[in-house]
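K.L.:
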Amino acid sequence: MLSREKVNVSFPDLTEIQRTSFKKFLYEGLGEVLSFLPTITDPTNKLELEFFGQEYRLKFPRYSVRRAKSRDRTYSAQMYIPAKLTRTGLDLHDSHVSIGAEYVTNSQNKQKKYKKRMVFIGDLPLMTNRGTFVISGTERIIINQIVRSPGIYYKQELDKNNKQIYSASLISNRGSWLKFEIDSKDQVWVRIDKT
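Below, the structure is given as structure tokens:
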């Protein structure tokens, strides 16, 4: 029988895990990933571009969440990281001086001229307080999904005539899944699942 009592049920905050994970990404993971940006050298070895990913900065979002929705914009922050462009092989007698650049003399009596500036990398979509993203004015949410682990899964069933039917599913990391079946007539069937 069903009860007529009223019971207050509190639902868990299903987006809390995503919000916590995104905060951790912003404060720890992003700097760690950007620190692996390689130094770029031109073919003549005279110019070298070095990035300092741990020192990245995010600019306050241009639009509020509400305004981004109404104007079909993305709720995002502009991301900047410091980069240093070094030019080597200058003669000490070179009188060309650029404002904002520093010169350093090395042991081979060559100068290195470098400039360190904040460089715009791109826009980083931000998560709202509700755990959603606003992309081109549309609010979107990431839905976690349970996926079967790659491997072989064996199954044993009874058919209509109470005879054993055996099957094995081969689930790969990428590509199609294969299902092998042995029917009641002892025939082997292979099916390809194109998911």
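Residues 8 to 202 in the numbering used here are what the sequence shown spells out, letter by letter. We treat Cβ as the ideally placed atom computed from N, Cα and C, and that holds for glycine.
Give the secondary structure of E204 by DSSP, where H, G and I count as helix, E and B as strand, and everything else as coil.
P.N.:
Nothing in the structure corresponds to residue 204, since the chain is present only between 8 and 202.
K.L.:
By the 10 Å Cβ neighbour count, where 16 or more other Cβ atoms means buried, how is F7 classified, buried or exposed?
P.N.:
Past the boundaries of the shown model lies residue 7; the chain is included only from 8 to 202, so the question cannot be answered.
K.L.:
Output the boundary residues of the alpha helix (DSSP H) element that contains G38.
P.N.:
First-last of the alpha helix (DSSP H) with G38: 37–41.
K.L.:
With three or more beta-carbon pairs closer than 8 Å as the criterion, would you say the stretch 120–134 touches the stretch 84–91?
P.N.:
Output reads yes: the stretch 84–91 touches the stretch 120–134.
K.L.:
Residues bridged to A90 by DSSP?
P.N.:
The partner list for A90 (beta bridge, DSSP) reads F58, R124.
K.L.:
Tell whether a beta-carbon distance below 8 Å holds between G2 and K76.
P.N.:
Residue 2 is absent from the model: the chain starts at 8 and stops at 202.
K.L.:
Could you tell me the boundaries of the beta strand (DSSP E) in which K186 lies?
P.N.:
Per DSSP, K186 belongs to the beta strand (DSSP E) from 184–189.
K.L.:
Looking only at C-alpha atoms, which of L133, T95, Q152, D193 sits nearest to T81?
P.N.:
The shortest C-alpha separation from T81 is found at L133.
K.L.:
Considering only DSSP beta bridges, list what F140 is partnered with.
P.N.:
According to DSSP, which records beta bridges pairwise, F140 is partnered with M134, R147.
K.L.:
By DSSP's criteria, D162 is part of a beta bridge. Which residues make up the other side?
P.N.:
Residue 162 is actually Lys in this sequence, not Asp. DSSP lists S174 as partners of K162.
K.L.:
For L33, which of helix, strand or coil comes out of DSSP?
P.N.:
Residue state, collapsed to three classes: helix.
K.L.:
Does DSSP put V195 in a helix, in a strand, or in coil?
P.N.:
It is a strand residue.
K.L.:
Taking 8 Å as the CB-CB cut-off, is S174 touching chain D?
P.N.:
Note that chain D does not occur in the displayed structure, where there is just one protein chain.
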